[in-house]
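To keep things clear, I will list the structure first and then write my remarks on it.
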Amino acid sequence: MGIRNPIKTANNAYETSTSVIVDVIKGKVPFSMLDHNNQFAKTISSMHCNIRHQDQATQDSILSILDAKKKRAFRRSNSEMHAMRYQRPLLRMPATCDGCGAAFHLEHALDCRKGGLVIQRHNEIRDALGDLASKAFRNVIKEPIVKEANIRDGTPALIADISIRGLWQPQAVALLDVRVVDIDAPSHIHRNAVAVISSAEEEKKRKYNSAAEARRASFTPFVVSTDGMLGREANFLLKR
């Protein structure tokens, strides 16, 4: 998530806060918000420059042990990560979305259900979770049918992402369904991140709980944000 260790930045933060304020506290000069903001911006710019140099050194050490193909893939993913961290435009971005035709940018890629990364990121987490579960449990099924489709009223089948036998209780089936939430989406901008994820968990439970109980199975929602923040149920599941 790009959060730096505060111990490593404490000295710079202290020097920034005291370089302008000390003379003001001593009564030597009047406080100037402009000088304060300029000093703060200068220090932040210097810190980002140092961080980029450190990241470049780390990148060089990793690249020294990779082959040519992996080096190209690493450089591309690393450059995109740096662009997002420092709020710079991403390189090699298409002008329009290939799914809906709208202007393409990072936020659109995270939210578009037609041409963005919504399905791909969901499936990657589902497959990784299923692979992890298969190493600990014998009976793991991908995309199990929780409730059959009703031809009479046109109700589609209800399908979960993963089924694990023996997860919570011996021989009992546990159904899991993954959801990835963009907590920075415009619809969530005024809501707390924890509340957004909790709301997504409850929505999944309302959808699957009754059908799971009819099968005498349990249901666990696996909700994670695009930033990697795990929901309460997902965090508990991984500890299991």
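Mapped onto the numbering used here, the consecutive letters of the sequence shown carry residue numbers 1 to 240.
C-beta: ideal position from N, C-alpha, C; glycine also.
Pull up the CB-CB distance for residue i and residue j, whole angstroms please, since I reckon it's below 8 Å.
i	j	result
ALA185	ASP111	6 Å
TYR208	ASP161	Actually they do not touch by this definition, with Cβ atoms about 10 Å apart.
VAL173	SER163	6 Å
VAL181	ARG121	Contact flag wrong, Cβ pair sits at about 11 Å.
ILE283	SER225	With the chain running from 1 to 240 in the structure shown, residue 283 is simply not present.
THR220	LEU237	6 Å
List the DSSP bridge partners of residue i.
i	result
ILE162	LYS142, LEU176
ASN150	THR155
PHE219	LEU175
THR226	Answer by DSSP bridge pairing: none, since THR226 is not bridged.
If you follow the beta strand (DSSP E) that residue i is in, where does it begin and where does it stop?
i	result
SER199	Segment 193-214 is the alpha helix (DSSP H) holding SER199; no beta strand (DSSP E) there.
According to DSSP, is residue i helix, strand or coil?
i	result
MET1	Because the pLDDT at MET1 is just 45, under 50, the model does not fix this residue reliably, and the value given afterwards should be weighed accordingly. Coil at MET1, not helix or strand.
GLN39	helix
ALA109	helix
ALA102	coil
VAL181	strand
HIS190	coil
GLU15	helix
PRO94	coil
LEU167	coil
Taking the alpha helix (DSSP H) that residue i belongs to, which residues open and close that run?
i	result
VAL118	118-136
PHE236	232-239
With distances taken between CB atoms, is the gap from residue i to residue j smaller than 8 Å?
i	j	result
LEU132	PHE222	no
ILE159	GLU148	no
VAL140	ALA212	no
GLY231	GLU201	yes
PHE31	VAL24	yes
ILE189	ASP227	no
State yes or no: is the C-beta of residue i nearer than 7 Å to some heavy atom of the ligand COA?
i	result
SER187	This structure simply doesn't include the ligand COA, nor any ligand for that matter.
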